[in-house]
Amino acid sequence: MSDFRGGDFRGSDAGVSDFRGGDAGVSDFRGGDTGVSDIRGGDAGVSDFRSDGHAAIDWAADYLARVHQLPVLAQVAPGEIRARLPDSAPDDPEPFADVLRDLDEILLPGVTHWQHPRFFAYFATSASEPAILAELLAATLNSVAFLWRTAPAATELEGVVLGWVADLLGLPAGWHGHIEDTASTATLAACIAAREATGRDLILCSEQAHSAADKAARMLGMRLGKVPVDSEFRMRSDALENLSDAAVIIATVGTTAATAVDPVPAVADACAASGTWLHVDAAYAGAAMVCPEFRWAFQGVERADSLVVNAHKWMLTPMDCSLLWTRRREDFRRAFSVVPEFLRTPDAEDALSLSEYGPALGRRFRALKLWAVLRCHGRSGLERHIRSGVELATKFERWVSETDGWELCAPRRFSVVCFRLEGDDEHNRELLERVNATGEMFISHAVLNGRYVLRLAIGQLNTTEDDVRRAWDVLVREAARIHQVPRAVDRGVDG
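Heads up, the final residue of the sequence shown is numbered 1363 in the numbering used here, and it's a clean run with no missing numbers.
Written as structure tokens, this is what we have:
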């Protein structure tokens, strides 16, 4: 792969100009003949950190150049990879070249390729080139950010980038933000803070909310109530009754199945009247707030007590990087601050320690990759990425609606289309298995109104209209083999 660019994720001349070695940006992973020549100090095994680093970067660049040629879904059976691996670790050091060889020969066949442009399952996630490099650098620094003293740069950069993203999303000034691993952990943290702040033990969410709410209730020993949804799969705010026991209501902007948008202003009114904590789960759709035209979906979010947005879903950042903001910073601190003697430091009064605001003590330097994304892609790059996904989803939605024998199953709000073959659920289950088995694409399913539906979610940074056209052609082709559905000649695809 001759050009591993980052300024424009589709391949422009700006940003990180060459991942493997160009004239600008990251010009050379080795950078010269001095430095760490042998990470082990001369022992056998890892003989040369620089040469091994070159090999790893070459592998990564070559992989990204050819990932579109690989089957999207891993073509292995359960246990097949394990059977090819030794029963025990080696007694003696092995060269890193052997690790790369086995990655290619043993592990790669068992990889489902989330970096593939036709990965359309769940919510697509993309690791852009600047973020990949930043992950390498974060691992090199190996910062452990439980106290400000243990990682001043990681701690302060995290605050800065959360402020930058809050500004990009149009969030109110003065919110405190930090990074968790996933939205499930962020939701758990919000529920803990809400319980401690209110003294109540009930979590409320819609029937379409993410399973993170179920896990939080189970882990915390709290009760869980599910609020019914309307015909468009949005929480019915008129069904919010008897909130005196509710510690927190979780409203979702972009539900997992149908990307429904709960009526946050009405839910916020109910929370204000009852003293209930409002947590907004915008893990997928929150990134769309970068684009002003999508902010209609986020009305009322500024009234939330906490908000989660996953940078690792739609913001070109690899797993894991879940952004959690709150306007009740001290409630989080009261819920999580445990400072035994060995963690006490003389700078505690003047410095913020992130371990006091969430469940974990040790914390990775996650902010570095997000910082790289924001600097190398900028607001304009994020806007292009999000708008491209929505535009492609809009075209796919039109193809479905204009073709006999297919139906749309939920309003499309962002870059996810819910659809199905007309007919019974079994045909749709079979269609899902058939198209995924081709290796040409990967989609997932949901159940809406008791019906099995297919979901096509666009979000991978290299997805083009040709990829979406190909996915539609595969769907129509495989459907014709199991169900008498007209082929795509009448779909009206004109770009």
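From the three backbone atoms N, C-alpha and C, an ideal C-beta is built for every residue, glycine too.
In its own chain, which residues sit with a C-beta less than 7 Å from the C-beta of residue 1264, not counting the 5 before and 5 after it?
-> 1285, 1324, 1336, 1340
Does the beta-carbon distance from residue 1217 to residue 1204 come in below 8 Å?
-> No, they are not a contact pair.
Where residue 1188 falls: helix, strand or coil (DSSP) = coil
Taking all protein chains shown into account, do 16 or more other C-beta atoms lie within 10 angstroms of the C-beta of residue 974, making it buried, or fewer, making it exposed?
-> exposed
Among 925, 935, 963, which residue has its Cα nearest to the Cα of residue 809?
-> Residue 809 lies beyond the stretch modelled for the chain, which goes from 869 to 1363, so this question has no answer here.
Taking the C-alpha atoms as reference points, what is the distance between residue 984 and residue 1078?
-> 25 Å
Where does residue 993 fall in DSSP's three states?
-> coil
DSSP puts residue 1047 in a beta bridge; with which residues?
-> 1191
Return helix, strand or coil for residue 1345, following the three-state DSSP convention.
-> Three-state DSSP puts residue 1345 in a helix.
Quick one: any contact between the region 1238-1247 and the region 1067-1085, if contact means 3 or more CB pairs under 8 Å?
-> Pairwise C-beta distances place the region 1238-1247 out of contact with the region 1067-1085, as fewer than three of them are shorter than 8 Å.
What is the DSSP secondary structure of residue 1244, counted as helix, strand or coil?
-> helix
Residue 1275 - partner residues in DSSP beta bridges | 1288
Taking the DSSP output, what are the residues bridged to residue 1117?
-> Per the DSSP secondary-structure output, residue 1117 pairs in a beta bridge with 1072, 1146.
Could you have a look at residue 981 and say whether DSSP puts it in helix, strand or coil?
-> coil
Residue 1289 vs residue 1273 beta-carbon contact at 8 Å = Yes.
Nearest residue (CA-CA) to residue 948, options 923, 1081, 978 = 978
Give every residue of the same chain whose Cβ lies closer than 7 Å to the Cβ of residue 1026, excluding the five residues on either side of it in the sequence, and list them in chain order.
-> Closer than 7 Å at the Cβ level, and outside the excluded window around residue 1026, lie 1046, 1047, 1222, 1235.
Is the beta carbon of residue 1220 sitting closer than 8 Å to the one on residue 980?
-> no
Pairwise C-alpha distance: residue 966 and residue 959 | 15 Å
Which runs of the alpha helix (DSSP H), 4 residues or longer, sit entirely within the region 1160-1238?
-> Note on the region 1160-1238: whole alpha helix (DSSP H) runs with a minimum of 4 residues are 1179-1182, 1197-1204, in chain order.
Residue 1227 versus residue 1004 - alpha carbon distance = 25 Å
CB-CB under 8 Å to residue 999, same chain, minus the five flanking residues each way: which ones, in chain order?
-> Cβ within range, chain order: 1184, 1185, 1186, 1237, 1238, 1240, 1241.
Label residue 1212 either buried or exposed according to how many other C-beta atoms from any shown protein chain fall within 10 Å of its C-beta, with 16 as the threshold for buried.
-> exposed
Own chain, CB closer than 7 Å to residue 1050, minus 5 neighbours either side, in chain order = 1188, 1190
DSSP beta-bridge partners of residue 1091 = 1070
Endpoints, beta strand (DSSP E) assigned at residue 1325 | Boundaries of the beta strand (DSSP E) harbouring residue 1325: 1319-1325, taken from the DSSP string.
Determine contact between the region 1255-1271 and the region 1077-1093, defined as no fewer than three beta-carbon pairs at a distance below 8 Å.
-> No: fewer than three Cβ pairs fall under 8 Å.
Report yes if the CB atom of residue 1114 is closer than 8 Å to the CB atom of residue 1072, and no otherwise.
-> Cβ distance < 8 Å, so residue 1114 and residue 1072 count as in contact.
Test item: CB-CB of residue 1311 and residue 989 under 8 Å = yes
Thinking residue 1108 and residue 1140 are a contact (beta carbons under 8 Å), I'd like their distance in whole angstroms, please.
-> The pair is not a contact, with the Cβ atoms about 12 Å apart (cut-off 8 Å).
Considering only C-alpha positions, which residue in the set 1254, 1283, 1192, 1304 is nearest to residue 1059?
-> 1192
Go ahead and label residue 1319 buried or exposed: buried means 16 or more other beta carbons lie within 10 angstroms of its beta carbon, across all protein chains shown.
-> exposed
Starting from the Cα of residue 1116, find the closest Cα among 1032, 1088, 1002, 1299 and give me that residue.
-> 1088
Exposure of residue 1009, with buried meaning 16 or more beta-carbon neighbours within 10 Å = exposed
Inspect the CB distances between the region 1123-1139 and the region 1100-1107 and report whether three or more fall short of 8 Å.
-> yes
With respect to the beta strand (DSSP E) encompassing residue 1316, which residues constitute its N-terminal and C-terminal limits?
-> 1312-1316
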